[in-house]
Every structure is written in C-alpha cells, then in structure tokens.
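Working notes for the structure below.
Residue numbers (the working numbering): 23 to 96.
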C-alpha cells in the first residue's frame with residue numbers, strides 16, 4: 023500500500039467533500055480516501071499495483087474539481 027496526497031481545488035461544502043471521497047474510493051485498488059474541505063487536501067491509501075496515481079487525479083477531475091499532487095510521496 024502507498025499513501026499519496028492530492029491538492030483539490032473548487033470544493034466549497036460538505037457535499038463537495040463527499041463527492042470527491044466517493045470518486046476516489048470507487049477506484050479499483052483504493053483502500054481509503056480522506057478529504058479535508060478547509061485545506062483542500064485529499065489523502066489516499068491505495069495499492070499501486072492496481073491503480074496509478076494519475077488515475078486518482080483523473081477520477082477527481084471527472085467530478086469537476088481540479089487536482090494535483092501535493093508534496094512528497096506523490
């Protein structure tokens with residue numbers, strides 16, 4: 023398992039957080055995803071043999087939220 027941190031833009035409420043978390047958790051290989059509204063950070067624990075980090079970004083962006091890798095471990 024690997025953990026990576028994403029920076030997610032455009033979230034304004036709890037529904038936004040739920041949408042992003044659900045999108046990440048629905049990706050094959052994702053064990054857990056926690057999204058923080060105040061900081062715009064998402065921490066994702068995933069099996070790197072089942073999902074590529076770029077797929078995590080794509081999943082968030084498909085929901086309409088711009089996302090980038092945030093810091094080490096990305």
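Just so you know, even glycine gets a beta-carbon here, dropped at the ideal spot from N, CA and C.
- The C-alpha of residue 88 is placed about 25 Å away from the C-alpha of residue 23.
- 7 Å or more divides the Cβ of residue 27 from the Cβ of residue 69.
- Under DSSP, residue 25 takes part in a beta bridge, and its partners are 67.
- When only Cα atoms are considered, residue 52 and residue 25 end up about 10 Å apart.
- In the DSSP assignment, residue 89 falls within the beta strand (DSSP E) that extends over 89–91.
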